[in-house]
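In full-length UniProt numbering, the protein residues as written are 1 to 245.
Yeah, the Cβ is synthetic: ideal placement off N, Cα and C, and Gly gets one too.
Fair warning: this is a prediction, and the values are worked out from it, not measured in the lab.
Input: a single structure, listed below in structure tokens.
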């Protein structure tokens, strides 16, 4: 096994530095993954630029990665050496589980097997936002978690999701539709065909002027839940006006 190396955050708000690291040993319920692909997520920018979690420095960051299983710990039966996997690591799991290194530990509960023929980039690029969608829609907004095998009947409730074209927004639209909610979302004319495939009940062109956009949202309401997957100052302001209408 080659020497482990990683992108280390040496201090709060400091540039990352590539340094040699110890190769972690998997304990019970862990596997060791040789990284082949690492996703860069917005939360990691926030960690490095704003010291989001008040980390103990130096530290290794990164939440989404994938590669080959090279060692397994005790009580691990779901994976074997040689498997291709995609992993989600919580930002608070610790350095040994962080993505920005050649070899990282993974908890079996947040690891999925990637079947042969599936592009590893697909699950690695999606797993962070899938976790965010469940946390945002179910844990925070109170939508019951899905039975992934069955689409539930209509609840008669409506959700506005700003940003249907975004990675997070497109996943959120599909999630709440399967949960039985009516969905109003946004896109530009360029991406309308893509958003139509997600199952939204109403798609609004977000390139309209601000007043027209607010009126369009209000006309489709009222809403049981409003979600902003873009969260720029202008989108927050627009949705605040919708809620106040």
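Would you please state the rounded distance, in angstroms, between the beta carbons of residue 100 and residue 38? I believe it to be under 8 Å.
Residue 100 to residue 38, Cβ: 6 Å. Contact.
Give a yes or no on whether the C-beta atoms belonging to residue 203 and residue 196 are separated by under 8 Å.
Going by C-beta atoms, residue 203 is nearer than 8 Å to residue 196.
On the criterion of 16 or more Cβ atoms from any shown chain inside 10 Å, does residue 159 qualify as buried, or is it exposed?
Answer is buried; the Cβ neighbour count reaches 16.
According to DSSP, is residue 37 helix, strand or coil?
Residue 37 falls in the strand class under three-state DSSP.
When the Cβ atoms of the stretch 117-127 are set against those of the stretch 20-33, are three or more pairs found closer than 8 Å?
No: the two stretches stay apart, fewer than three of their Cβ pairs being nearer than 8 Å.
Please name the residue in 82, 192 and 35 whose C-alpha comes closest to that of residue 63.
Looking at the Cα atoms, 35 is the closest of the given residues.
What did DSSP end up calling residue 117 once you bin it into helix, strand or coil?
Looking at residue 117 - three-state DSSP - the assignment turns out to be coil, as it is neither helix nor strand.
What ranges does the alpha helix (DSSP H) occupy inside the stretch 92-169, keeping only unbroken runs of at least 4 residues that lie completely in it?
Taking only runs of at least 4 residues, the alpha helix (DSSP H) segments lying wholly in the stretch 92-169 are 121-133.
Which runs of the beta strand (DSSP E) fall wholly inside the stretch 34-82 and span at least 3 residues, in chain order?
As far as the stretch 34-82 is concerned, its whole beta strand (DSSP E) runs of at least 3 residues are 64-72.
Using 8 Å as the threshold, is the C-beta distance between residue 72 and residue 79 below it?
Yes, the pair counts as a contact, with Cβ atoms nearer than the cut-off.
In angstroms with no decimal places, state the Cα-to-Cα distance between residue 133 and residue 42.
In a straight line, the C-alpha of residue 133 is about 14 Å away from that of residue 42.
Whose CA, out of 18, 33, 131 and 93, lies closest to the CA of residue 55?
Comparing Cα positions, the closest option is 93.
Determine, using beta carbons only, whether residue 165 and residue 188 come nearer to each other than 8 Å.
It is a contact, given that the beta carbons lie within the stated cut-off.
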